[in-house]
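Below is one structure, written out as structure tokens; the observations come after it.
2 protein chains.
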Amino acid sequence: MPEQIPTRERLIVAAMGLVRAQGYHATSMAQILKAAQANSGSLYYFFKTKKDLLLAVLDRYTELLWPTVIQPAFDRVSDPIERIFAILDGYRQMLLSTDFKLGCPIGDLALELGDSDPAAREKIALNFRNWCEAIERCLEDGAGSLPNGIDRAAMAQFILSVMEGGVMQARAHRSIEPFDACVAHMRDYFKRLGAEARGGPSRLDADTADRDAG
Amino acid sequence: MPEQIPTRERLIVAAMGLVRAQGYHATSMAQILKAAQANSGSLYYFFKTKKDLLLAVLDRYTELLWPTVIQPAFDRVSDPIERIFAILDGYRQMLLSTDFKLGCPIGDLALELGDSDPAAREKIALNFRNWCEAIERCLEDGAGSLPNGIDRAAMAQFILSVMEGGVMQARAHRSIEPFDACVAHMRDYFKRLGAEARGGPSRLDADTADRDAG
DNA sequence: GTCTATAACTCGATAGAC
DNA sequence: GTCTATCGAGTTATAGAC
């Protein structure tokens with residue numbers, strides 16, 4: 179972290195890294211100061227409290243979502259549904275490259291903080307909403323592979339939940355298997371949704387129609 | 179917490195409640211002592227460190243899984259697949275009854291602690307494994323509603339991940355909607371798996387067969 | 001097993017010079 | 001904006017009497 183970078187920026191980056199690796203409460207201001215090579219006076223010049231620094235970190239994550247999580251996946255893949263799986267694969271690569279030490283920083287904070295700080299929870303929810311919006315865009319662009327009238331917002335929430343749960347399980351077991359199982363079932367689910375989209379919307383809704391077809 | 183309950187037990191129960199509500203690092207030994215109406219000397223007579231108390235709490239969760247999470251759901255419902263959804267509904271009721279303040283205590287600790295304490299992570303993983311085993315039993319008993327040769331362990335992992343992710347999202351948004359969206363999609367997925375089980379395993383694997391049927 | 005007192009340290013945050 | 005020095009409270013954990 180070279181010296182020409184502004185102090186405020188060094189503090190945010192240092193806090194981001196430490197909070198992500200250790201959690202919020204487990205990270206001390208002293209650790210952040212050391213990592214940022216800054217002094218206590220500077221930190222409290224920019225941020226009134228530790229909580230305010232956390233809020234700045236959460237704002238930074240909001241800014242970083244598209245350039246670091248969404249856009250790289252979109253650049254690699256053009257098919258709208260495959261873009262969703264490219265985003266998921268980004269998390270997979272992170273799990274592997276950090277030996278399961280790092281997960282989703284927003285998910286970590288969501289569960290550690292709960293509702294203890296309403297402002298932080300709001301920013302966490304905003305990060306989740308933005309993630310879902312990116313997925314919704316993919317679902318919209320890939321509507322041809324989905325049944326008509328599907329609730330894309332609910333589907334995006336489902337995909338986010340599967341990702342967060344899969345990352346949690348992979349870290350807890352220090353194995354990529356649970357995450358891969360989640361993605362595989364997600365793929366299977368998409369396949370079945372796609373089959374309905376191609377075969378007509380009423381087929382799977384009625385058991386009799388199903389038996390007639392089979 | 180009446181006085182006739184042994185001190186060691188009061189300490190574990192107090193720690194369970196506080197850690198669940200606030201997290202591990204945010205909970206101090208002083209808080210636990212006050213809640214358990216015990217003194218520092220007693221606590222450190224039973225538990226060498228704060229971490230050891232946490233391990234005892236995690237052991238307690240292992241003991242409580244069946245009597246408090248699985249069995250009540252099994253008692254309410256007899257259909258094997260519906261038992262899975264009864265377990266999920268237990269988490270739904272908890273979210274609502276606590277106004278989204280409490281989630282899954284194991285999931286919370288999994289993300290807060292990460293791999294910072296290997297012994298704790300192992301016990302967390304054990305709790306997840308036991309949860310999955312209960313689900314696997316349901317999948318086994320309801321095998322008639324599922325495609326032949328489905329990987330039940332992977333499916334159970336998927337269901338646990340969906341639950342954990344759904345609980346996280348519901349708490350972050352202080353709304354039951356994300357959780358309900360997860361359950362609804364899980365139901366839809368089961369419906370489609372059941373349709374395949376009834377209609378034959380090859381139907382959804384081949385696009386041509388699908389178009390012929392529709 | 002339980003009690004009080006406290007050690008030894010770290011915490012978040014502040015003061016005030018520069 | 002940055003520095004050093006430090007405050008007061010809170011932290012985990014221990015000592016030693018009972």
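Protein chains in written order, with our numbering: chain A, 179 to 392; chain B, 179 to 392. Glycine residues also receive a C-beta, built at the ideal position from the N, C-alpha and C atoms.
Assuming residue i and residue j make a contact with CB atoms under 8 Å, what is their CB distance in whole Å?
i	j	result
B:G195	B:A208	Their Cβ separation, rounded to whole angstroms, is 15 Å, which puts B:G195 and B:A208 out of contact at 8 Å.
B:K279	B:A199	7 Å
A:G322	A:A375	7 Å
B:M346	A:A288	6 Å
B:L189	B:I210	7 Å
B:I401	B:F252	With chain B covering 179 to 392 only, the question about residue 401 of chain B has no answer from this structure.
B:R370	A:R370	4 Å
B:A303	A:A350	5 Å
A:V197	A:V255	Not really, about 31 Å apart at Cβ, beyond 8 Å.
A:I259	A:C316	7 Å
B:L274	B:I354	6 Å
B:E290	B:Y222	So it is not a contact: roughly 23 Å between Cβ atoms.
Would you kindly report the start and end of the unbroken alpha helix (DSSP H) that includes residue i?
i	result
B:L338	330–351
A:Y361	According to the sequence displayed, residue 361 of chain A carries Val and not Tyr. Counting along the chain, the alpha helix (DSSP H) containing A:V361 begins and ends at 355–377.
B:C282	Note, B:C282: premise wrong, no alpha helix (DSSP H); not H, not E.
B:S275	258–275
B:K226	Element bounds for B:K226: n/a, residue is neither H nor E.
A:N217	Taken as a continuous stretch (DSSP letters only), A:N217 belongs to no alpha helix (DSSP H), as it is neither H nor E.
A:N305	296–319
B:Q200	185–200
B:P245	Segment: none, B:P245 is in no alpha helix (DSSP H) and carries neither H nor E.
A:A204	A:A204 -> no alpha helix (DSSP H), and no H or E assigned at all.
A:D293	No alpha helix (DSSP H) contains A:D293, which DSSP labels as neither H nor E.
B:P325	Counting along the chain, B:P325 falls outside any alpha helix (DSSP H), and DSSP gives it neither H nor E.
B:Q182	No alpha helix (DSSP H) holds B:Q182; DSSP gives it neither H nor E.
I want to verify the contact list: residues of chain B whose CB lies under 7 Å from the CB of residue i, in sequence order.
i	result
A:Q347	F306, Q335, L338, S339
A:P356	Q335, S339
A:Y367	Y367
A:A344	Here residue 344 of chain A turns out to be Gly, not Ala, going by the sequence shown. Chain B residues near A:G344: S339.
Applying a beta-carbon distance threshold of less than 8 Å, which residues of chain A neighbour residue i?
i	result
B:F278	D293
B:G281	L289, G292
B:R299	A350, R352
Given that residue i touches chain A, what residues does it touch there, using C-beta distances under 7 Å?
i	result
B:I302	A350
B:A359	A332, Q335, F336
B:A204	H203
Since residue i meets chain B, which of its residues come closer than 8 Å, beta carbon to beta carbon?
i	result
A:W375	Note on residue identity: the sequence assigns Ala, not Trp, to residue 375 of chain A. The contacting residues do not exist; A:A375 stays about 10 Å from chain B at best.
So with CB distances below 9 Å, who are the chain A contacts of residue i?
i	result
B:D286	L289, E290, G292
Along chain B, which residues have their Cβ under 9 Å away from the Cβ of residue i?
i	result
A:A362	D329, A332, F336
Report task. Answer yes if the segment 294–301 of chain A comes into contact with the segment 349–367 of chain A, meaning at least three C-beta pairs across the two stretches below 8 Å, and no otherwise. Result -> Touching, no, given that fewer than three Cβ pairs across the two stretches are closer than 8 Å.
**Message:** Quick check: the segment 330–344 of chain A against the segment 330–347 of chain B, are at least 3 beta-carbon pairs closer than 8 Å?
**Reply:** Using a Cβ-Cβ distance cut-off of 8 Å, the segment 330–347 of chain B and the segment 330–344 of chain A are in contact, since at least three pairs of beta carbons, one from each stretch, lie closer than that value.
Does the contact criterion of 3 or more C-beta pairs under 8 Å hold for the segment 262–277 of chain A versus the segment 244–251 of chain A? Output reads yes: the segment 244–251 of chain A touches the segment 262–277 of chain A.
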